[in-house]
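Have a look at the structure below, then the notes.
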Amino acid sequence: MSYRIAKSLDQLLAELNALSPKRDKLSDGWIGDAAHASRDSDHNPWVQDAGKGVVTARDFTHDPGNGADMDAFVAQLVKRQDPRIKYIIWNRQIWRSYAKPKLAAWAPTRYTGANAHTKHAHVSVSSEKSLYDSVASWGLTKITSKPGAAPVVPSLPVAKSTPKAQHKPSGFEPYKDGIALGSRNIKEGSAGNDVKWVQTVLRVRADGLFGQITEATVVEWQRAHHLTPDGIVGPNTWKALKALKAPASPGGTQPSVAPSTPAGSGAFVKNGRSFPVRDGYPLYAQGNNSTTGKLETWGNIVIASDSGQNVSQIGCAMTAVTMALSGITGRAITPDEMAQFMKKKGGFTSGGSIKDWDLMGTLVSPPVDLYRIFEAKSDKIDAELKAGRPVVVHVDYYTKTDSGRSGKHDKKGDHWVLVTSRTQEGDYLAHDPAGGRMMGLHRLADGRLEGDVVTKYGTKYVTVGNAVTFSRGPAVHTPESRPAQTPPVDVTPPLVASGFPNRTGSTPGTKVAGTKAAGDKVALPTFAGADRSGTVRAIRDECVRQGVTMAAQIAYVLATVQHETGNTFKPLREAEYLGSKAEAHRKNNLRYYPYYGRGYVQLTWNYNYEKYSKLLGMDLLKNPDLVLRPDISLFILVHGMRTGSFSGKKLSAYINGSRVDFRGARAVVNGSNCAEIIAAHARDWLRSLELRNVA
């Protein structure tokens, strides 16, 4: 494929060269190398313009001695906030031009990628042609630095977290209440009750702020419904969205908004109230809710008999566990339900501490075991998240004094938060019961996690090692946790080496309805192959069996198979299209021969065959053609995309309750290769009658 650099970045380069003609260009670059090609990166020519790829990122060498000091260069770009910029990375920090939860646009935050970007600054520009090809001047002035001077990159002050401030974050219009649905066009930057209504319909966090995640989800929804995918909720989109309101039932109940995904895909509703969802977990505030500005009804439930303290004051641990159990079971268990259950069962001490952590897991059926860990750093937390299980962590952010609390860490736990997943950049996503906020954390050098935002005491959350883990997660089910016709399996390898107990949720060798045992490891689906329609049904059933239940996720799995098998929906060998010449081609040209691609998705390299040999209890290294068996290929397809075993990236990282990124999801299998082609297939599957029939 032919490709070129975005014209706006050529313009930026020309201006820098004019100001610093003798600068070193050793670390300059724009087109990605092999490492970049294997992952989602703006250095890859993924933007298409008239059949040609466009690279939307450029690196600029740090050479302060010759007038190219990247501290000053980045400071100018951040100060000017040119609309062409998507983000900037320099010296272990990243500046995004768009707001994120609890992070204002252009606010610097820690960058945790493998390349610290200390030798060059990285600038990415928008994927919109009118912006990436704009050759307007960047307005750079002379870039100088004083010897030994501190970096001049500006930092934005952290806004006080108050309910009022939540309605007027940076980059958004003032929050508007009482807006009639459909009375105005809403887009990124809009705020109000009409935005919240749309977010509720699309299963985005309903905070009433039309941000990047909301826009991306609107775009994908518009594509799926044959509307102009501009991310703007205008007359046609309003009409289509409002048509999703279900008619009143014969019993006379009020009409409800129909979900955009099947039941069980992430909607948490209790007593008529729908809760915000991210990563499949509902978001609860233990007391005052930062979004509504109101005290939750359960906030006043007293759980400490000797002091009268309530859930709002000391219920963070219970609330965090309750969010985790809700996500694991797919049922909205709210803090009031858990508090009353624990009080009845004697689960609290007289001081309000949790006396019996395991007791909380017995509220659900089948029960979930809870494990207390006291040396939990990033490696152990990563192991749990990789296995699909959430982690509740204890954090320190203040010190108790005679006069109250001071803003100083004392390495003692003060609060509990629920860690749900990791981002592409390696950061951690969490649900914070204090206010019911979504937040991010990053890894410190010693393995502890630190929050990205500053508390009212001027400190940040820092983990202290105490944690609570669970015997299963939403994608790690026991045989009793789903109806018999679609029995789930636990396909997570034991984590004994990591210091956690072995708690796979299935009994080795157990045969359940609709499955068959594979050696003494996991249960395979009973599937011997079928025509296209039958294979589509089998893929859907295996997705559900392994816990992949969102319609958009199933659509992307089907799109992947459509592309990887050339629309045959049959397990294939790599290069099979060459016919009689295929084997000679594979032997002479593939470095990983004889472990070349096989299956519904091409499984390659000996270590992947070895991995699934151990998991399935059969020798795929000795007989790699076993991967062509429909039942084995089907299992590997869903397991690999669900757990991230192909590339280290899970399907749920790109398609979840908070966003739908069909293009980015290609990284789950093969970097950005043919990403847009497969994304288009996924959009077709999402709106297809065929998928509806099997879903």
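In our numbering, the protein residues as written are 8 to 702.
Yeah, the Cβ is synthetic: ideal placement off N, Cα and C, and Gly gets one too.
| query | Beta-carbon separation of Pro440 and Ala292 under 8 angstroms? | reply | As a working note, residue 440 is residue 433 in the sequence shown. As a working note, residue 292 is residue 285 in the sequence shown. Yes, the Cβ-Cβ distance between Pro440 and Ala292 is below 8 angstroms.
| Check whether Val371 and Ile321 have beta carbons under 8 angstroms apart | If you number the sequence shown from 1, residue 371 lands on position 364. If you number the sequence shown from 1, residue 321 lands on position 314. Their beta carbons are not under 8 angstroms apart, which means Val371 does not touch Ile321 by this criterion.
| query | Would you say Phe67 and Ile150 are within 8 angstroms of each other, going by their C-beta atoms? | reply | Translated into the one-based positions of the sequence shown, residue 67 becomes position 60. Translated into the one-based positions of the sequence shown, residue 150 becomes position 143. No, the pair does not count as a contact, with Cβ atoms beyond the cut-off.
| request: Measure the alpha-carbon distance for Ala166 versus Ser190 and round it to whole angstroms. | output: Sequence index remark: in the sequence shown, residue 166 carries index 159 (1-based). Sequence index remark: in the sequence shown, residue 190 carries index 183 (1-based). Reliability fails at Ala166, whose pLDDT of 33 lies under 50, so the model's placement of it is uncertain and the value that follows must be treated cautiously. Approximately 32 angstroms between the Cα atoms of the pair.
| request: Could you check how far apart the C-beta atoms of Gly433 and Gly120 are, in whole angstroms? I think they sit under 8 angstroms. | output: In the sequence shown, counting from the first residue as 1, residue 433 sits at position 426. In the sequence shown, counting from the first residue as 1, residue 120 sits at position 113. Contact flag correct, Cβ pair sits at about 7 angstroms.
| field | Endpoints, the alpha helix (DSSP H) within which Lys200 is located | value | On the sequence shown, position 193 is the one that residue 200 refers to. Residue identity differs from the one stated: residue 200 is Asn in this sequence, not Lys. Here the alpha helix (DSSP H) through Asn200 covers 200 to 209.
| Between Ala566 and Ala660, is the Cβ-Cβ spacing less than 8 angstroms? | By 1-based counting over the sequence shown, the position of residue 566 is 559. By 1-based counting over the sequence shown, the position of residue 660 is 653. Result no, Cβ atoms of Ala566 and Ala660 do not sit closer than 8 angstroms.
| Check whether Leu448 and Tyr435 have beta carbons under 8 angstroms apart | Numbered from its first residue, the sequence shown carries residue 448 at position 441. Numbered from its first residue, the sequence shown carries residue 435 at position 428. Going by C-beta atoms, Leu448 is nearer than 8 angstroms to Tyr435.
| request: Using DSSP bridges, identify the partner residues of Lys418. | output: By 1-based counting over the sequence shown, the position of residue 418 is 411. According to DSSP, Lys418 bridges with nothing at all.
| field | Exposure of Gly541, with buried meaning 16 or more beta-carbon neighbours within 10 Å | value | Start at 1 with the first residue of the sequence shown, and residue 541 comes out as number 534. With fewer than 16 other Cβ atoms within 10 Å, it is exposed.
| At least 3 beta-carbon pairs within less than 8 angstroms: the stretch 531 to 548 vs the stretch 567 to 579 | yes
| query | Taking DSSP as the reference, what is the three-state secondary structure of Thr369? | reply | As a position in the sequence shown, residue 369 is number 362, starting the count at 1. Coil, per DSSP.
| field | Alpha carbon of Val225 to alpha carbon of Val667, nearest angstrom | value | Residue mapping note: residue 225 aligns to position 218 of the sequence shown, counting from 1. Residue mapping note: residue 667 aligns to position 660 of the sequence shown, counting from 1. The alpha-carbon atoms of Val225 and Val667 are separated by roughly 9 angstroms.
| query | Between which two residues does the alpha helix (DSSP H) carrying Gln18 extend? | reply | The sequence position of residue 18 within the sequence shown is 11, counting from 1. Element bounds for Gln18: 14 to 26.
| said: Between the alpha carbons of Gly458 and Phe534, how many angstroms are there, rounded? | reply: Start at 1 with the first residue of the sequence shown, and residue 458 comes out as number 451. Start at 1 with the first residue of the sequence shown, and residue 534 comes out as number 527. Near 46 angstroms, if we compare the C-alpha coordinates of Phe534 and Gly458.
| said: So Arg91 and Ser27 are supposed to be a Cβ contact under 8 angstroms. How far apart are they, rounded? | reply: Stepping through the sequence shown from its first residue, residue 91 is reached at position 84. Stepping through the sequence shown from its first residue, residue 27 is reached at position 20. About 21 angstroms; that fails the 8 angstroms criterion.
| message | Quick check: Tyr105 and Ala112, are their CB atoms within less than 8 angstroms of each other? | response | Indexing the sequence shown from 1 puts residue 105 at position 98. Indexing the sequence shown from 1 puts residue 112 at position 105. Contact: yes.
| message | Quick check on DSSP: helix, strand or coil for Leu531? | response | For this step, residue 531 is matched to residue 524 along the sequence shown. The answer is strand: DSSP assigns Leu531 an E or B state.
| task | Verify whether the separation of the beta carbon atoms of Gly454 and Ser385 is less than 8 angstroms. | result | Sequence index remark: in the sequence shown, residue 454 carries index 447 (1-based). Sequence index remark: in the sequence shown, residue 385 carries index 378 (1-based). Yes, these two residues count as a Cβ contact at 8 angstroms.
| said: With three or more beta-carbon pairs closer than 8 angstroms as the criterion, would you say the stretch 343 to 361 touches the stretch 386 to 404? | reply: No, they do not touch.
| request: Using alpha carbons as the reference points, say which of Val318, Pro601, Ile335 lies closest to Pro342. | output: Within the sequence shown, numbered from 1, the residue matching residue 342 stands at position 335. Ranking Val318, Pro601, Ile335 by Cα distance to Pro342 puts Val318 first.
| request: Compute the Euclidean distance between the alpha carbons of Asp527 and Leu644, then round it to the nearest angstrom. | output: In the sequence shown, residue 527 corresponds to position 520, counting from 1. In the sequence shown, residue 644 corresponds to position 637, counting from 1. Only weak support is given to the placement of Asp527: the predicted model assigns it a pLDDT of 45, under 50, and the value that follows is read from those uncertain coordinates. For Asp527 and Leu644, the distance between alpha carbons rounds to 20 angstroms.
| task | Just the C-alpha distance for Met445 and Asp313, rounded to the nearest angstrom, thanks. | result | Looking up residue 445 in the sequence shown gives position 438. Looking up residue 313 in the sequence shown gives position 306. The alpha-carbon atoms of Met445 and Asp313 are separated by roughly 32 angstroms.
| Three-state class that DSSP yields for Asn3 in the structure shown | Residue coverage of the chain in this structure runs from 8 to 702, which leaves residue 3 outside it and unanswerable.
| task | Specify, as a first and last residue, the run of the alpha helix (DSSP H) that Pro115 falls within. | result | Here residue 115 corresponds to residue number 108 of the sequence shown, with the count starting at 1. No alpha helix (DSSP H) holds Pro115; the beta strand (DSSP E) holding it covers 115 to 117.
| said: Once DSSP output is grouped into helix, strand and coil, what is the label at Ser513? | reply: Against the sequence shown, residue 513 aligns to sequence position 506. Any reading at Ser513 must be qualified, since the residue scores a pLDDT of 30, below 50, and its modelled position is unreliable; no value is offered.
| task | For Leu366, collect the residues of the same chain with a Cβ closer than 7 angstroms to its Cβ; drop the 5 residues on either side in sequence, then sort them by chain order. | result | Along the sequence shown, one-based indexing puts residue 366 at 359. The answer, listed in chain order, is Met349, Lys352, Gly354.
| task | Could you work out which residue in Thr116, Asp70, Leu33, Lys109 is closest to Thr85 when comparing CA atoms only? | result | The sequence position of residue 85 within the sequence shown is 78, counting from 1. With the sequence shown as reference, residue 85 is identified as Val, and Thr is not the correct amino acid for it. When each option's Cα is compared against that of Val85, the closest is Thr116.
| query | Smallest Cα separation from Lys29: which of Gly72, Asp35, Val54? | reply | Here residue 29 refers to the residue found at position 22 when the sequence shown is read from its first residue. The shortest Cα separation from Lys29 among Gly72, Asp35, Val54 belongs to Gly72.
| message | Can you give me the C-alpha to C-alpha distance between Tyr405 and Gly465, rounded to a whole angstrom? | response | Taking the first residue of the sequence shown as 1, we reach residue 405 at position 398. Taking the first residue of the sequence shown as 1, we reach residue 465 at position 458. Taking the straight line joining both Cα atoms gives about 9 angstroms.
| request: Within its chain, find whatever has a CB closer than 6 angstroms to the CB of Trp703; leave out the 5 residues flanking it on each side and keep chain order. | output: Because the chain here runs from 8 to 702, residue 703 falls outside it and cannot be looked at.
| Can you tell which of Gly215, Ser133, Ala674, Asn98 has the C-alpha that lies nearest to the C-alpha of His127? | Within the sequence shown, numbered from 1, the residue matching residue 127 stands at position 120. Ranking the options by Cα distance to His127, first place goes to Asn98.
| task | Would you mind stating whether Lys93 and Ser131 have Cβ atoms separated by less than 8 angstroms? | result | As a position in the sequence shown, residue 93 is number 86, starting the count at 1. As a position in the sequence shown, residue 131 is number 124, starting the count at 1. Yes, the pair counts as a contact, with Cβ atoms nearer than the cut-off.
| query | Would the beta-carbon of Ser428 fall within 8 angstroms of that of Asp286? | reply | Counting from one through the sequence shown, the residue named residue 428 turns up at place 421. Counting from one through the sequence shown, the residue named residue 286 turns up at place 279. A contact, by the Cβ cut-off of 8 angstroms.
| message | Just verifying my parser: in three-state terms, what is the DSSP assignment at Glu457? | response | Within the sequence shown, residue 457 is the residue found at index 450, counting from 1. Note: Glu457 maps to strand in three-state DSSP.
| Under 8 angstroms between C-beta atoms of Ile361 and Ala327 | Position 354 of the sequence shown, counted from the first residue, corresponds to residue 361. Position 320 of the sequence shown, counted from the first residue, corresponds to residue 327. No, these two residues do not count as a Cβ contact at 8 angstroms.
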